[in-house]
Amino acid sequence: MSLLSQARERLRALVSRSREERDLAEELRFHIEMETEANLRRGMGREEARRRALIALGGIERTKEEVREARSLGLLEDLLYDVRYATRRLVREPAFSVPVIATLALGLGANFAMFTFLDSIFLRPPAGVEEPGQVRRPWTEIQFRSGAQFWPGYSYPQYAAIQSVVGDRVHTALYLYPRDTRFGPAGNDLQVRVSWASASYFPLLRVRPEIGRLYTHEEDRLGAGANVAVASQAFWRRQFDGDPAALGREVVLAGRPYVLIGVVAAGFSGVDIDATDLWVPLASQPGWGATPWWRNHNVNGFQILLRPFVAMEDHTLEERIAAALRTPEALVRPADTANAVRLGSIIRAQGPGKRQQEVKIATRLAGVTIIVLIIACANVVNLLLARAVRRRREVAVRLAMGISRARLTRLLLTETALLALLSAAAAVLAAAWGGALLRGWLLPDVKWAASPLHWRIVGLAMIAGMGAGLLAGLLPAMQGTKTELTGALKAGGVDGHARRSRVRATLVVVQAALSMVLLVGAGLFVRSLTNIRELRIGYDVPQIIFGAVAFDMRDSIRDARLPQALTEVAERLRHAPGVERVALARMAPTRGFSSVPFYPDVDTTRIPKPFATYNLVSPDFFAATGLRLLRGTNFLASTGGGMPPAVIVNEAMARAQWPGMDAVGRCLRFEPNGQCYGVIGIVETALFDRLIEEPRPQFYLPLENPPPQAGRWFSSLIVRAQPRARGVASAELQRALREAFPGGRPSLMTMEQALEPEYRPWRLGATLFTAFGVLALIVAALGIYSTVAYTVAQRTHEFGVRIALGARHRDILREVIGSMLRTTAIGVAAGVGLAIAGGKFVAALLYGIKPTDPGVMVGVALALFLIAAGAALGPAWRAARVDPVTALRTE
Amino acid sequence: MADERSDLLQGTLELLILKTLSLEPMHGWGISQRIQQMSRDVFRVNQGSLYPALQRMKGKGWIRSEWRTTESNRRARYYALTSAGRKRLAGERAEWERTAKAVYGILEWRGATG
């Protein structure tokens, strides 16, 4: 009963806090009046009677405070009061709270966005998989032209060999990375991501159907696969509105009908960062060519998943797989016998394979975001310190009124915690937004399986935000309550501590140094990007459009007609609006290559043959792409079959095969002692497939009368648009392809789009480093401004005196700005050191510039000085304008 | 003059307030006056600690308060004992008597042999 009434009393007090306060004030007023009257009756004067009454009570405010303390027996009430008080303060001081929340949110948000990105690539196992830690992916070391590299792709014969060796201890599954596949009837442009997966795929991952069923081993029998499909829950909701009646319905994938038999449990959308919409049995994959794909070593993009069901060392498993891959049926090339096998996690990015440059940049940027956070924290400490000083008088007054120090500390801490909480919440928002932005920037082609935000991120953001806020707030809070009463009250709020201004100067040095590091990074990446952009790659990229046509299924009759049909399309396009030139080629430049054995007319024991690729091109190819003919002549335009055997080589090929000789007039043969194909011209060496590459030897064969060894097929149209008419030309190309191939899908790509992935890492480095660098600079400038403004406010009196004594305005201006520049100089010097030390981490990501580039260093240092001077100018101006009379009177 | 009075012992203030309020509901100033009067001016209630004590006791549910008009027609907050308060008074009183008896016993001690 009493407990209940206590609770009721507290609740009432809680709800009606302001009424309580009014009641208390009235009660005490009544008390003072009664006591005053009693004193009057004792014969005192009115003034004296009232004074005595107040003394007897021990002060109204003090009593109120004690009653409040007696009232707030519960922590909750205290907290609520403190929170309300703190909120009021923060709202009343937007000049303080907004910068603090904004800086912390930016600093933390940048970090969480980056963490989110790295988390979804490196750390988070795919959702919906049970015990993902046990699932392994095997990687095999393969010799590529660029060197040895671990690779996760296998052919079916290799998988079969592995399965037969380790199948008694390990569950195995095979799948194909999800691919864009046309969905629905012909003419439908909807693309869905389809993954071909063995029937063992779902049981291995322990994924269960939500509705319907998964396909069985019977349905996945090679050579007799069933056309059934299993959908992801997201796809089922998107495409069928989550209608259970969708089961049993027909879905058409790349022109082939499948029956939807089940939907997997929520959350599961494959084991890669790309989401899978539909899974179909491996065995339902249509074969092509004479050899079925499951006996063909060249169909080798399959991924293998393993889950041991008998305890087994990774090392043992690796050796068994390596042994399996060495068996004759699994051996792709005799040279592969020594290949090492390494097991990796289910998270592909954790495997031993090569990382994309974008991901490498992301890891460097993670360091950058931490620097931004440090700068932000320094700034917040700075702001809090300045404020703690401003509050000394207020704190002193409260202490004089009888509030306990513990209570006061709690109040200040609550305020900081509230600030931290708000910052953390803002940081989560910034992270959600920034995370999506980073995904779009860094890996725009991925259709993400996982959402960027994850409870782990939110939790972490909250903890880190609170931690950072409390740490930053603790120091000022402790200093604040240590206030000596008389000193603070007398000093009139002037900060007398030189030590504290040293702390603030140090913070400015730290900020300047770290900003320097980030801006040097930004400068280096921007210079890299300009260097890359200025790289002559041979092609007139902005004007070029590639065109081709894709079909769902192979058709030998149509394939035979294709060259003729494409030639007709090219002929028609030549006069279309916006089109300058049209060429035909086997492959669009940079999109692929062919190679064929060749025999040059030199002693190949003395001058070894280079690895050279070729393309089959029409005579307008060079004019259309912008490749310059350096020597000799072009192929002749169609002569009606009378074309003499000819070849055009690029400069790299000419140098490598005929060093010190004139290549024009030499011979290339395509069988020993065969027909001589005379070199009639030399063109400049164009980009092969990477922006940064050794010059690649290439040669060009004419579409008409190529050597029989090369074959005659070609499939690409290359359109050169008139300047600034690429849109018009693209539309014409699209229309022409549609008209010529009613059953096919025109695929168009500008050369800019084709090369975009090549430029992207460079642009990204420049964009992101600049973005973070500027962010850091803004934060640092804010710090400098607030420090100078604060110092000036503290020294108003001094400046007033000096002006009164005859100091000139510009002396004061010079002194204030000069002292800030000296502080900045220390920061810049430290920053140069740090930037040089940190240079090796980014050196590999730069092009044509060293991390220690003096130009960048000097430029950034100058920029920092300018910014520092600019930030100090306003407050310094105020200092110089101090009116001596006012300044002296305010004391 | 003030020297002849004693400050209240810690903890006895609540007992005295309970006793005062058991006679009739009273406002804060009245309570302080009544205690002083009942102790024949020996006890001087520290007015500064009276109101926090009242607040604490209200929080524990021993007393309740309401606004009433005084004889001189002024609004004042009156405190009254609750049933829990009455029980508490009985308990405190018994405790006090036990303590007082013990203290008195010590003061009257003349030795086991005497």
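Chains A and B are the protein sequences, given in the same order. All residue numbers for the first sequence refer to the numbering used here, where the first residue is 480 and numbers rise by one. All residue numbers for the second sequence refer to the numbering used here, where the first residue is 147 and numbers rise by one. A virtual CB, placed ideally from N, CA and C, is assigned to each residue, including glycine.
As assigned by DSSP and simplified to three states, the class of residue i
{"i": "T1302/A", "result": "helix"}
{"i": "I163/B", "result": "helix"}
{"i": "T1398/A", "result": "Absent from the model: residue 1398/A. The displayed extent of chain A is 480 to 1370, so no value can be given."}
{"i": "G1334/A", "result": "helix"}
{"i": "V973/A", "result": "Because V973/A sits at a pLDDT of 45, beneath the cut-off of 50, its placement in the model cannot be relied upon, and the following sentence gives the value as read from the coordinates. Coil."}
{"i": "W912/A", "result": "helix"}
{"i": "M203/B", "result": "helix"}
{"i": "S1007/A", "result": "helix"}
{"i": "Q1129/A", "result": "What sits at residue 1129/A in the sequence shown is Asn, not Gln. In the structure shown, N1129/A sits in a strand (DSSP, three-state: E or B)."}
{"i": "I1016/A", "result": "coil"}
{"i": "T965/A", "result": "Note that T965/A scores a pLDDT of 47, beneath 50, so its modelled location is shaky; the value from the coordinates is reported in the next line. Helix at T965/A."}
{"i": "Y564/A", "result": "helix"}
{"i": "T1229/A", "result": "strand"}
{"i": "L784/A", "result": "strand"}
{"i": "G734/A", "result": "coil"}
{"i": "M147/B", "result": "With a pLDDT of 34 at M147/B, under the threshold of 50, the modelled position of that residue is not reliable, and the figure given next carries that caveat. M147/B: coil per DSSP, three-state reduction."}
{"i": "F747/A", "result": "coil"}
{"i": "F1251/A", "result": "helix"}
{"i": "N1113/A", "result": "coil"}
{"i": "F1090/A", "result": "coil"}
{"i": "T1069/A", "result": "coil"}
{"i": "A708/A", "result": "strand"}
{"i": "S185/B", "result": "coil"}
{"i": "V1311/A", "result": "helix"}
{"i": "H696/A", "result": "coil"}
{"i": "I826/A", "result": "coil"}
{"i": "V191/B", "result": "coil"}
{"i": "W1137/A", "result": "coil"}
{"i": "D1376/A", "result": "Residue numbering for chain A in the displayed model covers 480 to 1370; residue 1376/A lies beyond these limits and cannot be assessed."}
{"i": "Y1326/A", "result": "coil"}
{"i": "A1359/A", "result": "helix"}
{"i": "G1244/A", "result": "helix"}
{"i": "R1051/A", "result": "helix"}
{"i": "W255/B", "result": "coil"}
Where residue i falls, given that 16 or more other Cβ within 10 Å makes a residue buried
{"i": "Q1177/A", "result": "buried"}
{"i": "N219/B", "result": "exposed"}
{"i": "E697/A", "result": "exposed"}
{"i": "Q193/B", "result": "buried"}
{"i": "V742/A", "result": "buried"}
{"i": "S1074/A", "result": "exposed"}
{"i": "Q1154/A", "result": "exposed"}
{"i": "M1140/A", "result": "exposed"}
{"i": "Q1188/A", "result": "exposed"}
{"i": "P807/A", "result": "exposed"}
{"i": "G1244/A", "result": "buried"}
{"i": "I1011/A", "result": "buried"}
{"i": "G251/B", "result": "exposed"}
{"i": "T1302/A", "result": "buried"}
{"i": "P1079/A", "result": "buried"}
{"i": "S994/A", "result": "buried"}
Cβ-heavy atom distance, residue i to the ligand GTP, below 8 Å
{"i": "A745/A", "result": "Among the components of this structure there are no ligands whatsoever, and the ligand GTP is therefore not found."}
Beta bridge counterpart(s) of residue i as assigned by DSSP
{"i": "S674/A", "result": "W758/A"}
{"i": "T848/A", "result": "DSSP, once it has assigned bridges, lists no residue as partnering T848/A."}
{"i": "E729/A", "result": "V738/A"}
| message | If we require 4 or more residues per run, which alpha helix (DSSP H) segments fall completely within the segment 1143 to 1222 of chain A? | response | Residue ranges of uninterrupted alpha helix (DSSP H) with 4 or more members, entirely inside the segment 1143 to 1222 of chain A and ordered along the chain, are 1205 to 1219.
| Can you list, in chain order, the residues of the segment 511 to 538 of chain A whose Cβ is nearer than 7 Å to any Cβ on chain B? | M513, E514, A535, L536, G537
| message | If the cut-off is 9 Å on Cβ atoms, which residues from the segment 167 to 186 of chain B count as contacting chain A, listed in chain order? | response | Shown in chain order are the members of the segment 167 to 186 of chain B whose Cβ falls below 9 Å from a Cβ of chain A: H173, G174, W175, G176, S178, Q179.
| field | Residues of the segment 217 to 237 of chain B with Cβ closer than 8 Å to any Cβ of chain A, in chain order | value | R220, R221, A222, R223, T228, A230
| Length at least 3, wholly inside the segment 211 to 249 of chain B: the beta strand (DSSP E) runs in chain order | 221 to 227
| request: Closer than 7 Å, Cβ to Cβ, to anything on chain A: give me those residues from the segment 194 to 207 of chain B, in chain order. | output: Those would be G194, Y197, P198, Q201, R202, K204, G205, K206, G207, in chain order.
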